[in-house]
Amino acid sequence: MKPRIASRPSPSAVPAEDLDAEALKLARQLAHMPSSQLAAMKLVVNQAYENMGLRTTQVMGSLLDGAMRNTPEAKDFINTAVSQGVPAAVAERDGPFGDYSQRKKKS
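First residue of the sequence shown? That's 0 in numbering that gives the first Met the number 0, and the numbers climb one at a time after it.
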């Protein structure tokens with residue numbers, strides 16, 4: 000009988016100095032799982048991403064990225080980034096919306 004894998008909170012942060020040991024521990028646990036079970040879990044996770052529209056979103060993202068790179072606003076952003084720096088371009092673009100990088104700092 001194969002050992003039962005202890006459940007643990009996921010995801011968990013691991014200090015850099017413990018990372019190799021923790022990764023090896025997890026790899027040893029996974030090595031005890033039947034490959035059919037791992038394959039089934041992978042199928043479930045991949046299907047969940049498909050149900051959420053991952054592939055369609057990736058295609059749309061690529062299409063829109065290509066189309067939006069040549070708009071007047073994109074060209075203005077690039078010109079500002081080149082002449083005044085990226086922070087100035089981001090401030091000009093995002094400032095009116097108060098996005099996280101542009102919100103007013105608390106004193």
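By construction, the Cβ of each residue, glycine as well, lies at the ideal position given by its N, Cα and C atoms.
Everything numeric in this text was worked out from a predicted model, so none of it was measured.
Inter-segment contact for the region 52-71 and the region 23-41 is absent: fewer than three beta-carbon pairs are separated by less than 8 Å. In this structure, the beta-carbon distance from Gln101 to Val89 falls below 9 Å. Around Asn78, the same chain offers no residue with a beta carbon nearer than 6 Å, after the five sequence neighbours per side are excluded.
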